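Written below as structure tokens is the structure these notes are about.
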């Protein structure tokens, strides 16, 4: 065994496998030990240093690994070749779980924030759609000079507000929200959008990353979603749910509108499936400015068409399901009934 796999990797795999079993069986333990402990410590440690220092750390680590591996190189064989290929892959698997992957085994925040199952009748959905249509118009009317917004400027001016807001939502749930994390822009522009994603949490450097090719209106909600991941919310629906609430509690018109527009479009699709005639009737009351924003967002997204949409969807769907997210890609829109149920309970508790 030692001939084809290093002792370090062997013990790392054993530790990871044991942690996988234990955490998978106990979501509360996962949250306390991993999310609020190990994951948080790693995130804060990496964000203590600049991005350049973190990248340099990984570069030195990778260089040292291959140099050490090469110094112990033995006569070539098929098994040796297989070992040389799979050992780095196995190390990546170990790093993935300890830097991020175990977060999927913790409980989701909506489990603590929503008391009852989020099941709504068709009538309740249509009523909510009407109310959110009114809210959407009111938010849009409160924003001036929206066409002059620039992505970099939005992030620079609102990043502290977003961080404060997301922490305010997660703190009562027991999340370790100490420290902060800068929001990075991927390069080149459109690179993430061409693979069907607006952003992602880069667990290697512990920083949220979004695509600069997004329309400015999309930036606040996308950033909030990724910030939710940054503080340990792994599930995509949960990150959307927390991101939406954080946006609405931010007190900033653009941030609230960004989340509301994304939510409204998803809610409209769900309502259209239930009652297309009523949905189209309510949609007619959407203001010209909102319609213009939707058209402009579509135009912006059309600049970066998916390169391999079917392969991407199948791969990511399989990845999410392998991490215990039963709905896979469908989990993204599952936050819509969560928000509606949360709003109903908030209203009833007043």
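Numbering (the numbering used here), first residue to last: 5 to 354.
Glycine residues also receive a C-beta, built at the ideal position from the N, C-alpha and C atoms.
None of these values were measured; they are calculated from a predicted model.
Next on the checklist: Distance check for residue 244 and residue 336, CA to CA, integer angstroms please.
Outcome noted: The predicted model places residue 336 with a pLDDT of 49, which falls under 50 and marks its position as unreliable; any figure quoted below should be read in that light. Straight-line Cα distance between these residues: approximately 7 Å.
Checklist entry - Counting pairs of beta carbons, one from the region 267 to 283 and one from the region 204 to 217, are three or more of them closer than 8 Å? => result no
Next on the checklist: With three or more C-beta pairs closer than 8 Å as the rule, is the region 294 to 307 touching the region 228 to 241?
Outcome noted: no
Next on the checklist: Helix, strand or coil, according to DSSP, for residue 341 in the structure here?
Outcome noted: helix
Checklist entry - When you compare each of 218, 86, 194 and 258 to residue 311 by their alpha carbons, which one comes out closest? => result 194
Item to check | Euclidean distance between Cα positions of residue 223 and residue 48 | outcome: 24 Å
Next on the checklist: How far does the beta strand (DSSP E) with residue 212 in it extend, from its first residue to its last?
Outcome noted: 211 to 214
Checklist entry - Are the region 253 to 273 and the region 181 to 198 touching, with three or more C-beta to C-beta distances below 8 Å? => result no
Checklist entry - Straight-line CA distance for residue 289 to residue 137? => result 8 Å
Next on the checklist: In the DSSP output, what is residue 203 paired with across the bridge?
Outcome noted: 214
Checklist entry - Since residue 17 and residue 98 are thought to touch, with beta carbons under 8 Å apart, how far apart are those beta carbons, to the nearest angstrom? => result 7 Å
Checklist entry - Assuming residue 242 and residue 120 make a contact with CB atoms under 8 Å, what is their CB distance in whole Å? => result The Cβ separation is near 17 Å, so there is no contact.
Checklist entry - Is it buried or exposed for residue 5, if we count other Cβ within 10 angstroms and need 16 for buried? => result Caution is warranted here: a pLDDT of 48 is assigned to residue 5, below 50, making its placement in the model unreliable, and no coordinate value can be reported.
Checklist entry - Fully enclosed by the region 240 to 304, which alpha helix (DSSP H) runs are 4 residues long or longer? => result 240 to 252, 257 to 278 and 280 to 287
Item to check | Backbone secondary structure at residue 188 - three-state DSSP | outcome: strand
Next on the checklist: Which of the three DSSP states is assigned to residue 168 in this structure?
Outcome noted: helix
Next on the checklist: Short of 8 Å in beta carbon distance, which residues of its chain neighbour residue 33, apart from the five on each side in sequence? Order them along the chain.
Outcome noted: 26 and 27
Checklist entry - How would you write the range of the alpha helix (DSSP H) that residue 145 sits in, first residue to last? => result 126 to 145
Next on the checklist: I'd like to check one pair, residue 134 with residue 281: are the Cβ atoms closer than 8 Å?
Outcome noted: no
Next on the checklist: With H, G and I counted as helix, E and B as strand and the rest as coil, what does DSSP make of residue 235?
Outcome noted: coil
Next on the checklist: Can you tell me whether residue 24 is helix, strand or coil according to DSSP?
Outcome noted: helix
Checklist entry - Three-state secondary structure (DSSP) at residue 178? => result coil
Next on the checklist: For residue 126, which residues in the same chain have their Cβ closer than 8 Å to its Cβ, ignoring the five residues on either side in sequence?
Outcome noted: 278 and 279
Item to check | Straight-line Cα distance separating residue 102 from residue 19 | outcome: 10 Å
Checklist entry - Taking buried to mean at least 16 other C-beta atoms within 10 Å of its own C-beta, is residue 54 buried or exposed? => result exposed
Checklist entry - Which stretch, first to last residue, makes up the alpha helix (DSSP H) that contains residue 198? => result First-last for residue 198: undefined, no H or E at that position.
Checklist entry - Between the beta-carbon of residue 40 and the beta-carbon of residue 180, is there less than 8 Å? => result yes
Next on the checklist: Let me confirm a value: residue 267 is counted as buried when at least 16 other C-beta atoms fall within 10 Å, else exposed. Which label applies?
Outcome noted: buried
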